[in-house]
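Take a look at the structure below.
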Amino acid sequence: MGIRGKMLMGFLILVFMLFASGALSVFELTKLGRTVKGLITDNYKSIAYSKAMLEALEVQEKSVLVYISSSDKLNVEVFTQSHNLAQLYLDSAKMNLTVSNEKLYIDSIAKSYKVFNSSTLSFIESDSVNLARYLNLVHPRYIEVTHHVKQLMTINQSALYSTAAYLEASAQRVVMPGLIVILTSIIFTLVFIYLVNHFFVSPIIKLTKGINDFVKFQKPFDVPLETKDELSSLKESIVNLISLWRSGVKKKAEF
Amino acid sequence: MRLYVVIRYVGMILLLISAFMFVSFFISLYHNDDGLVPLLLSALLTFLTGVFPLIFVPVTKHLSSKEGYLVVVIGWIVVCLYSTLPYLLYGGEFTPVNAWFESVSGYTTTGSTILTDIEVVPHGILFWRSATHWMGGIGIVLFVLVVLPAMGNARITLSKIEMSPLAKTDFRYRTQKMLRIILSVYIGLTIVEAVLLMIFGMSAFDAVTHTFGTVATGGFSTKNASIGFYNSVAIETVIIVFMFLSGMHFGVLYTMFTFKNFKWYKSSVVRLFFFSILIGIILVTLSTKGNNYNSWDEALRYSAFQVVSIATTTGYATCNTTLWPSFSVMILIYFTFQCACAGSTAGGIKVDRFVIFFQSLKRQVLKLQHPQAVIPVKVDNVTIDDDTVDSVLLFIVLYILILFLTGLAITAMGVDATTAFTASAATISTVGPGFGEVGSASTFASIPDMGKILLTFNMLLGRLEIYGLLLFFMMKSWR
């Protein structure tokens, strides 16, 4: 391979290394950004569903309490509407699993909510709708279901902290490719400089010195070259030139 | 000194490494795991750095001794550095120091790890980790020598430097034939063991990675519980047999397998290796029966595995040896010093040196009785010259001195004495597990970073047989 080819290869490799470093860092950063954004959004959604579920449960409880005091059937309707809402949020939370064991928490909510709902409905439909019976039969179920919903909210809030910790740990992964490729490029550049110096610069200096020695002191032109490239062609040309010059001088001397 | 020639040869070694990185990349691609991008980028960077000197530097078939030393030592260091790339790019538990530790531990076939949870690491990275054992086991430079044709005198110079000086005397073949024998025995053992492990129930991936760890006497496993994970007597038996075979001189194995007229029991080295292991197994079985295991079967099963594993410097585990009685622990520590035969993939003092040591001890005692007598040191009726005897004795002294100094330095970092000294012994002997916090059921994760770096130096000293690496640092003039 000629000098041009070798130099081109060297620079192309350097360009590739730097490009790879940049591309990989951008890729990792984008991937990390997307992952973190996804995790945070999903956690936030789960927290929002939990909050909405708590609100719906509160409305359900209030409607039962008002029903106890007023016996107004409108409150039963409010209870049913809130039940639909609570069920909707519960189903949405089921579809948005982000934290490990989250399914277990949601299953506990579903189970306790089912018990709360059925016990409330049987309480409303019974003949003796009073506060003492409510506190005895329905309220403990309400406390249980709200407790599970709060637990779901807590694990999602903790997951947000874990996401932040993951972000911190992943920073190394984003920086590392760039750092590694830069270090490799430095090693490569040093080797490149050494090789260019040894195989191109040094022979040129030797050739120049050989020519100067020949011109000034008539020393024989004998420059050893290790490679077969443009420089060896140059050397051959110089040798030819010198031999041509010598034969010219010889002919001149004969005349 | 022609530095560009050294760069060319190191480049060739890097090309071999990049080939294995590409194989690991394809395994990652097959399993679609997180090792994909780290392995691809590492392979490309290593390939480009390795191929570039080949474009510039013309072919050189002659190497001087100094250049040979530089190729071997720089080759090992550069390869260990470039092999950290997949680990660093993957991240996880691999900090720069941990990645360097894992890389050196892989190539020197030590098998000590910093990973506390191996099973979460992607398949591609785990394969790469085991492949470093396989390449390092045979010797990365030797590997290149066999693979690449037409290297002339350079082949002889490099093989002389990388191989154990004791191993070379046992071969009666020309360099090229000798290298081919080593490689064919190595590949033969690898194929047979992998097939047997698959027959006995291991997956292809596990069989290949554990075979790499066995024939290279390395010890990296893909499971947190090492071989204990499989809880299979058949798998353990196959691994015991192959650990033992890999601990023997490859020339002896070649002669045995090609049915040449060779009686292994006539070699005092093989005899000492075989009988010391046999006695070790009996003593450990007697010691652990009743204390750790209720039945003789169980005691024999675990003792045999652990004794062969440590005696061949492999380091696989089927139980936690830290819980064994002190007597058994002391026997295992003895094997950590003795190690396996020269001409195998094992590091450390080696049985051959023990034989010469005992023979010179015998001579010394005889000399006390007959001060005027000229008594040569003989091994299998072959007279060992005094230079070799001196170098062997000096090697053992140096070995113990380095072990002690490293242990001392690690205790200064706040690590307890048992952990520090056994970690030092386990790394310079390239065994892998020590005792205390670095026992067979634990990892080297708890050792401070500075300690880990010191231990990697121990591993390189142990693998390159001390003199090679010391010479590199002590040569007054490289010109």
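Top to bottom, those sequences are chains A and B.
Just so you know, we're using the working numbering here: the first sequence kicks off at 1 and counts up by one.
Just so you know, we're using the working numbering here: the second sequence kicks off at 1001 and counts up by one.
In this text, a Cβ means the ideal position worked out from N, Cα and C, and glycines have one as well.
Can you tell me whether residue 147 (chain A) is buried or exposed? The criterion is at least 16 other CB atoms within 10 Å of its CB, across all chains shown.
Here residue 147 (chain A) refers to the residue found at position 147 of the first sequence. Residue 147 (chain A) should be labelled exposed.
Give the straight-line distance between the Cα atoms of residue 1315 (chain B) and residue 1056 (chain B), rounded to the nearest whole angstrom.
Working through the second sequence from its first residue, we reach residue 1315 (chain B) at position 315. Working through the second sequence from its first residue, we reach residue 1056 (chain B) at position 56. About 43 angstroms.
Nearest to residue 1025 (chain B) by CA position, among B:1044, B:1013 and B:1009, is which residue?
Position 25 of the second sequence holds residue 1025 (chain B). Measuring from the Cα of residue 1025 (chain B), the nearest candidate turns out to be B:1044.
For the alpha helix (DSSP H) that contains residue 1237 (chain B), what are its first and last residues?
Taking the second sequence and counting its residues from 1, the one referred to as residue 1237 (chain B) is at position 237. Counting along the chain, the unbroken alpha helix (DSSP H) around residue 1237 (chain B) starts and ends at 1233-1246.
If you draw a straight line from the C-alpha of residue 9 (chain A) to the C-alpha of residue 196 (chain A), how long is it?
What you label residue 9 (chain A) is simply residue 9 of the first sequence in a count that begins at 1. What you label residue 196 (chain A) is simply residue 196 of the first sequence in a count that begins at 1. Rounded to the nearest angstrom, the two C-alpha atoms are 12 angstroms apart.
For the putative contact between residue 1048 (chain B) and residue 13 (chain A), defined by C-beta atoms under 8 angstroms, what is the C-beta separation to the nearest angstrom?
Here the question's residue 1048 (chain B) lines up with position 48 in the second sequence. Here the question's residue 13 (chain A) lines up with position 13 in the first sequence. 5 angstroms between Cβ atoms; contact.
When Cβ atoms are compared, which residues of the stretch 171-190 of chain A fall closer than 8 angstroms to chain B?
Within the stretch 171-190 of chain A, the residues whose Cβ lies closer than 8 angstroms to some Cβ of chain B are 172, 173, 176, 177, 180, 181, 184, 187 and 188, listed in chain order.
Are the CB atoms of residue 1403 (chain B) and residue 1320 (chain B) within a distance shorter than 9 angstroms?
Locating residue 1320 (chain B) in the second sequence gives position 320, counting from the first residue. Locating residue 1403 (chain B) in the second sequence gives position 403, counting from the first residue. No. Outside cutoff.
Taking the alpha-carbon of residue 1411 (chain B) as reference, which of B:1046, B:1114, B:1455 and B:1433 has the nearest alpha-carbon?
Within the second sequence, the letter at position 411 stands for residue 1411 (chain B). Ranking B:1046, B:1114, B:1455 and B:1433 by Cα distance to residue 1411 (chain B) puts B:1455 first.
Of all the alpha helix (DSSP H) runs that stay within the bounds of the stretch 1326-1390 of chain B, which reach a length of 4 or more residues?
Fully enclosed alpha helix (DSSP H) runs of 4 or longer: 1326-1338 and 1351-1369.
At a CB-CB cut-off below 8 angstroms, which residues of chain B make contact with residue 153 (chain A)?
Here residue 153 (chain A) is taken as the residue at index 153 of the first sequence, counted from 1. Chain B residues near residue 153 (chain A): none, gap ~29 angstroms exceeds 8 angstroms.
Quick one: is residue 136 (chain A) buried, meaning 16 or more other Cβ sit within 10 Å of its Cβ, or exposed?
In the first sequence, the residue the question calls residue 136 (chain A) occupies position 136. By the 10 Å Cβ count, residue 136 (chain A) comes out exposed.
Among B:1349, B:1362, B:1375 and B:1366, nearest to residue 1392 (chain B) - alpha-carbon criterion
Taking the first residue of the second sequence as 1, we reach residue 1392 (chain B) at position 392. Nearest option by C-alpha distance: B:1349.
Residue 1301 (chain B): buried (16+ other C-beta within 10 angstroms of its C-beta) or exposed?
The count along the second sequence starts at 1 and reaches residue 1301 (chain B) at position 301. That one is buried.
In chain B, which residues lie with their C-beta within 7 angstroms of the C-beta of residue 198 (chain A)?
The residue given as residue 198 (chain A) occupies position 198 in the first sequence. Those are 1004, listed as they occur along chain B.
If you run the structure through DSSP and keep just helix, strand and coil, what is residue 1399 (chain B)?
Taking the second sequence and counting its residues from 1, one reaches residue 1399 (chain B) at position 399. Three-state DSSP puts residue 1399 (chain B) in a helix.
Which word fits residue 1407 (chain B), buried or exposed, when buried means at least 16 other C-beta atoms lie within 10 angstroms of its C-beta?
To locate residue 1407 (chain B), count along the second sequence from 1; it is residue 407. Classification of residue 1407 (chain B): buried, given that the 10 Å Cβ count is 16 or more.
Going by beta-carbon coordinates alone, are residue 1058 (chain B) and residue 227 (chain A) separated by less than 9 angstroms?
Within the second sequence, numbered from 1, the residue matching residue 1058 (chain B) stands at position 58. Within the first sequence, numbered from 1, the residue matching residue 227 (chain A) stands at position 227. Their beta carbons are under 9 angstroms apart, which means residue 1058 (chain B) touches residue 227 (chain A) by this criterion.
Which residues of the stretch 1075-1103 of chain B have a Cβ closer than 7 angstroms to any Cβ of chain A? Give them in chain order.
Residues passing the 7 angstroms Cβ filter: 1085, 1088, 1089 and 1091.
Given that residue 1053 (chain B) touches chain D, what residues does it touch there, using C-beta distances under 8 angstroms?
Here the protein chains are A and B, and chain D is not one of them.
Do residue 154 (chain A) and residue 17 (chain A) have their CB atoms nearer than 9 angstroms?
Taking the first residue of the first sequence as position 1, residue 154 (chain A) is located at position 154. Taking the first residue of the first sequence as position 1, residue 17 (chain A) is located at position 17. Inclusion of residue 154 (chain A) and residue 17 (chain A) in the CB contact set at 9 angstroms is not warranted, their separation being larger than that value.
Consult DSSP for residue 209 (chain A) and reduce its assignment to one of helix, strand or coil.
Taking the first residue of the first sequence as position 1, residue 209 (chain A) is located at position 209. Assigned with DSSP and collapsed to three states, residue 209 (chain A) falls in helix.
With a threshold of 6 angstroms on Cβ separation, who are the neighbours of residue 1054 (chain B) within its own chain once the five nearest residues in sequence on each side are excluded?
Here residue 1054 (chain B) refers to the residue found at position 54 when the second sequence is read from its first residue. Same-chain partners within the cutoff: 1011.
Looking at the strands, I want to know which residues DSSP matches up with residue 1293 (chain B).
Here residue 1293 (chain B) corresponds to residue number 293 of the second sequence, with the count starting at 1. Beta-bridge analysis with DSSP links residue 1293 (chain B) to B:1289.
Between residue 1138 (chain B) and residue 1345 (chain B), what straight-line distance do the alpha-carbon atoms span, to the nearest angstrom?
Counting from one through the second sequence, the residue named residue 1138 (chain B) turns up at place 138. Counting from one through the second sequence, the residue named residue 1345 (chain B) turns up at place 345. Spanning the two alpha carbons is a distance of roughly 6 angstroms.
With a cut-off of 9 angstroms, does the C-beta of residue 1056 (chain B) fall near any C-beta of chain A?
The residue labelled residue 1056 (chain B) in the question sits at position 56 within the second sequence. Interface residue, yes.
What are the boundary residues of the alpha helix (DSSP H) that residue 14 (chain A) is part of?
One-based indexing of the first sequence puts residue 14 (chain A) at position 14. From DSSP, the alpha helix (DSSP H) with residue 14 (chain A) extends over 3-70.
Output, in chain order, the set of chain B residues within a Cβ distance shorter than 8 angstroms of residue 17 (chain A).
Within the first sequence, the letter at position 17 stands for residue 17 (chain A). Result: 1045 and 1048.
Hey, does residue 236 (chain A) have any beta-carbon neighbour from chain B nearer than 9 angstroms?
The residue labelled residue 236 (chain A) in the question sits at position 236 within the first sequence. So, not an interface residue.
In terms of residue numbering, what span does the alpha helix (DSSP H) encompassing residue 1265 (chain B) cover?
As a first step, residue 1265 (chain B) must be located in the second sequence, where it is residue number 265. Taken as a continuous stretch (DSSP letters only), residue 1265 (chain B) belongs to no alpha helix (DSSP H), as it is neither H nor E.
Does the beta-carbon distance from residue 1067 (chain B) to residue 1005 (chain B) come in below 9 angstroms?
Position 67 of the second sequence holds residue 1067 (chain B). Position 5 of the second sequence holds residue 1005 (chain B). Between residue 1067 (chain B) and residue 1005 (chain B), the gap from beta carbon to beta carbon is short of 9 angstroms.
May I have the straight-line CA-CA distance separating residue 1287 (chain B) from residue 1239 (chain B), to the nearest angstrom?
In the second sequence, residue 1287 (chain B) corresponds to position 287, counting from 1. In the second sequence, residue 1239 (chain B) corresponds to position 239, counting from 1. If you take the alpha carbons of residue 1287 (chain B) and residue 1239 (chain B), they lie about 23 angstroms apart.
Let's test the definition: count the other Cβ atoms within 10 Å of the Cβ of residue 43 (chain A) and tell me whether it reaches 16, buried, or not, exposed.
One-based indexing of the first sequence puts residue 43 (chain A) at position 43. The residue is buried, with at least 16 neighbouring Cβ atoms inside 10 Å.
Between B:1241, B:1243 and B:1265, which has its C-alpha nearest residue 1252 (chain B)'s C-alpha?
Looking up residue 1252 (chain B) in the second sequence gives position 252. It is B:1265.
What is the C-beta distance between residue 1425 (chain B) and residue 1337 (chain B), in whole angstroms, given that I count them as a contact (C-beta under 8 angstroms)?
What you label residue 1425 (chain B) is simply residue 425 of the second sequence in a count that begins at 1. What you label residue 1337 (chain B) is simply residue 337 of the second sequence in a count that begins at 1. About 7 angstroms; that satisfies the 8 angstroms criterion.
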